[in-house]
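Residue numbers (the working numbering): 5 to 387.
For glycine and all other residues, C-beta sits at the position ideal for the given N, C-alpha and C.
To start, the structure under review is shown below, and the notes come after it.
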């Protein structure tokens with residue numbers, strides 16, 4: 005076993021091993037992952053590689069403009085948390101650019117498999133977490149009761165249940181992509197089952213429609229049109245059944261009250277955008293400004309489109325749109341499965357983002373951005 009690990013390690017450069025270590029750190033408490041990315045950035049600076057990396061990565065320019073808009077807004081309006089988040093965004097972008105530069109088909113395959121392996125570890129952690137929750141509330145483990153209070157919803161290693169939910173969505177789509185192309189399908193069925201179970205335990209409601217649409221997108225663009233049609237029929241039947249029996253999905257029965265809260269948050273965000281449409285107040289703007297409008301107290305606008313507008317303003321959102329659109333254009337030049345993967349992951353971000361801002365987090369954004377940058381850069385058709 006040790007010899008196999010050593011042999012595998014020798015197939016990478018030292019820098020690729022460093023990048024894999026950064027990936028592993030994303031499955032630890034978020035501050036450890038950020039420290040690893042900061043160390044990577046510092047190393048690139050000290051070696052004189054950072055400037056070259058950004059110059060050689062055309063995709064980085066639009067990303068840097070987004071970060072710059074957020075940083076300037078945070079600086080102008082004294083948003084200290086926003087300044088810190090701007091640096092977080094910067095090290096994530098640099099890491100994604102570095103992964104793109106050092107990625108080949110072999111490294112990409114191992115990167116994907118390491119993600120899926122760690123997703124099972126995260127699920128095991130979530131099970132233990134749920135066991136502790138049920139014991140503290142005097143529930144039976146098999147009752148599968150998911151309370152509304154955030155502290156009673158599992159987050160595994162991702163700080164918040166909704167962040168873990170988005171990670172589970174990503175894991176499921178990645179595993180499905182491997183399932184389509186792999187002969188060893190059993191292991192990927194197991195990984196999908198683990199992450200579906202993990203997603204259920206998070207009690208995140210907005211994840212399910214996002215995942216349902218993303219699965220259809222994945223199979224359709226992977227060339228599995230008949231399978232996509234069959235899955236659409238199954239999803240419609242399951243959706244109708246859940247609407248008739250809402251207790252089947254955790255917290256679905258409390259959706260009306262949650263939507264009322266979100267509408268109030270969105271109204272506050274719109275008011276803030278009208279005050280300063282060009283330049284936002286930087287990341288976490290909502291948390292800084294809601295008292296001015298007697299708004300509902302929370303960290304963000306619970307909608308990635310509104311959150312982006314008040315965080316970065318029009319000056320930051322325009323390059324953000326350019327960045328995403330250009331990456332999707334590149335995706336359409338890829339082989340079917342890679343194109344399907346990029347589109348499905350993006351659909352998750354967009355649809356889940358209608359009701360939450362879970363992509364604005366270090367672990368979720370690192371995983372999405374890294375896979376986006378690496379996948380669209382691969383030139384071969386190897387799975």
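CA-to-CA distance, residue j to residue i, given in whole angstroms
| i | j | result |
| --- | --- | --- |
| residue 5 | residue 65 | Unreliable placement is indicated for residue 5, whose pLDDT of 45 sits below 50; the coordinate value is still reported in the next sentence. Distance between the alpha carbons of residue 5 and residue 65: 43 Å. |
| residue 124 | residue 198 | 6 Å |
| residue 253 | residue 375 | 30 Å |
| residue 336 | residue 60 | 22 Å |
| residue 297 | residue 79 | 22 Å |
| residue 140 | residue 243 | 32 Å |
| residue 82 | residue 315 | 13 Å |
| residue 331 | residue 63 | 8 Å |
| residue 231 | residue 272 | 43 Å |
| residue 414 | residue 191 | No information on residue 414 is available, as it lies outside the stretch 5 to 387 that the chain covers here. |
| residue 240 | residue 43 | 47 Å |
| residue 386 | residue 362 | Residue confidence for residue 386 is low, a pLDDT of 44 falling below 50, so the modelled location carries little weight and cannot support an answer. |
| residue 384 | residue 338 | Note on residue 384: pLDDT 47, under 50, position unreliable in the model; no value is reported. |
| residue 48 | residue 105 | 13 Å |
| residue 379 | residue 160 | 27 Å |
| residue 350 | residue 164 | 21 Å |
| residue 53 | residue 234 | 49 Å |
| residue 23 | residue 187 | 28 Å |
| residue 185 | residue 109 | 14 Å |
| residue 228 | residue 236 | 12 Å |
| residue 290 | residue 302 | 8 Å |
| residue 251 | residue 115 | 38 Å |
| residue 153 | residue 344 | 36 Å |
Presumed contact (8 Å Cβ cut-off) between residue i and residue j, rounded CB distance
| i | j | result |
| --- | --- | --- |
| residue 29 | residue 40 | 4 Å |
| residue 143 | residue 158 | The Cβ separation is near 13 Å, so there is no contact. |
| residue 171 | residue 371 | 7 Å |
| residue 326 | residue 181 | With a Cβ gap of about 26 Å, residue 326 and residue 181 do not count as contacting. |
| residue 377 | residue 103 | 6 Å |
| residue 359 | residue 307 | 7 Å |
| residue 101 | residue 57 | 6 Å |
| residue 347 | residue 225 | 6 Å |
| residue 45 | residue 98 | 5 Å |
Extent of the continuous alpha helix (DSSP H) run through residue i
| i | result |
| --- | --- |
| residue 150 | It is not in any alpha helix (DSSP H) - residue 150 carries neither H nor E in the DSSP assignment. |
| residue 348 | 340-356 |
| residue 102 | 84-106 |
| residue 4 | What is shown of the chain runs 5 to 387, which leaves residue 4 out entirely. |
| residue 16 | Careful: residue 16 lies outside any alpha helix (DSSP H) and carries neither H nor E. |
| residue 312 | 308-335 |
| residue 74 | 63-80 |
| residue 366 | 366-381 |
CA nearest to the CA of residue i, picked from the options
| i | options | result |
| --- | --- | --- |
| residue 318 | 73, 58, 37 | 73 |
| residue 111 | 150, 16, 180, 372 | 16 |
| residue 94 | 373, 325, 130 | 373 |
| residue 211 | 352, 189, 23, 55 | 352 |
| residue 203 | 129, 223, 276 | 129 |
| residue 218 | 355, 382, 31 | 355 |
| residue 113 | 246, 20, 238 | 20 |
| residue 277 | 250, 77, 136 | 77 |
| residue 145 | 153, 152, 155, 134 | 134 |
| residue 26 | 223, 138, 179, 96 | 96 |
| residue 3 | 269, 309, 255 | The displayed coordinates of the chain run from 5 to 387. Any statement about residue 3 would go beyond what the structure contains. |
| residue 68 | 368, 365, 321 | 321 |
| residue 416 | 334, 305, 213 | Residue 416 lies beyond the residue range present for the chain, which begins at 5 and ends at 387; the question has no answer from this structure. |
| residue 381 | 249, 251, 333, 179 | 333 |
| residue 268 | 282, 294, 247 | 294 |
| residue 31 | 136, 175, 214 | 175 |
| residue 310 | 136, 328, 292, 270 | 270 |
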